[in-house]
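Q: Numbering (the working numbering), first residue to last: 4 to 207.
(1) Would DSSP call residue 103 helix, strand or coil?
(2) List the whole-angstrom C-beta distance separating residue 44 from residue 158, where the pair is believed to meet the contact cut-off of C-beta under 8 Å.
(3) CB-CB under 6 Å to residue 199, same chain, minus the five flanking residues each way: which ones, in chain order?
(4) Buried or exposed for residue 142, please, with buried defined as at least 16 other CB atoms from any protein chain shown within 10 angstroms of its CB.
(5) Apart from the five residues on each side of it in sequence, which residues of its chain come closer than 6 Å, Cβ to Cβ, to residue 130?
(6) Give me the residue from 51, 87, 137 with the minimum Cα distance to residue 172.
(7) Within 10 Å of its beta-carbon, does residue 97 have 16 or more other beta-carbons around it, so buried, or fewer, so exposed?
(8) Check whether the Cβ atoms of residue 186 and residue 81 lie closer than 9 Å to each other.
(9) The beta strand (DSSP E) with residue 65 in it runs from where to where?
(10) Can you tell me the Cα-Cα spacing of residue 210 and residue 73, whole angstroms?
(11) Is it right to say residue 144 is buried, meaning 16 or more other beta carbons lie within 10 angstroms of its own, or is it exposed?
(12) What's the C-alpha gap between residue 117 and residue 79?
(13) Does DSSP classify residue 47 as helix, strand or coil?
(14) May I ask which residues mark the beginning and end of the alpha helix (DSSP H) holding residue 177?
(15) Nearest-angstrom Cα distance between residue 41 and residue 91?
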């Protein structure tokens, strides 16, 4: 899905879309028609992000499912690359499978959440005047991370998609990496495989 010509809009963590980001559209060149406002975090799809030109005073968080969608870091003030899938899970999942299985499946883990939190709080990001976050569709993982950035740095959250549905697990772990337990512990139950293991864990 190409974001060319799409107007970024203000968003809130509940998924509703607020006041339009007036007068600043993403043009065919991939550049903002006007200077990106200070103190904003804008969420893009992968396709939309690839149309942008780097800004040396803007920091980026690039969220990918795997190494096949790497993006160029040149031209940006700073960039953090992380990889995790767009999946929501809770304590019940971890009781059955554990963090080891979650990590192998490509889910976000406390370790990944801490790396994002450290980056957001870093001096490197502090020297930048705005941030950009992208995931595949620009609707779930990126808006969860964008919501966290808005909370921590007081930035205004913007999205290039009319759909804003932050991944609740991602946001929960960013706010508290240990909310679902530490991933340093690999529970024995997490090694069980298949439906039989799941049934035994749930029903004894």
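Virtual Cβ for every residue (Gly too), placed ideally from N, Cα, C.
A: Quick look at the numbers:
(1) Residue 103 falls in the helix class under three-state DSSP.
(2) That belief holds up - the Cβ atoms of residue 44 and residue 158 are roughly 5 Å apart, short of 8 Å.
(3) Legend: pLDDT at residue 199 = 48, less than 50; position of this residue unreliable, value from coordinates given subsequently. The answer is none, since no qualifying residue turns up.
(4) buried
(5) Cβ within range, chain order: n/a, list empty.
(6) 87
(7) buried
(8) Note that the C-beta distance between residue 186 and residue 81 is not below 9 Å.
(9) 61-67
(10) The chain is shown only over 4 to 207; residue 210 falls outside these bounds and no answer can be derived.
(11) buried
(12) 22 Å
(13) strand
(14) 171-178
(15) 32 Å
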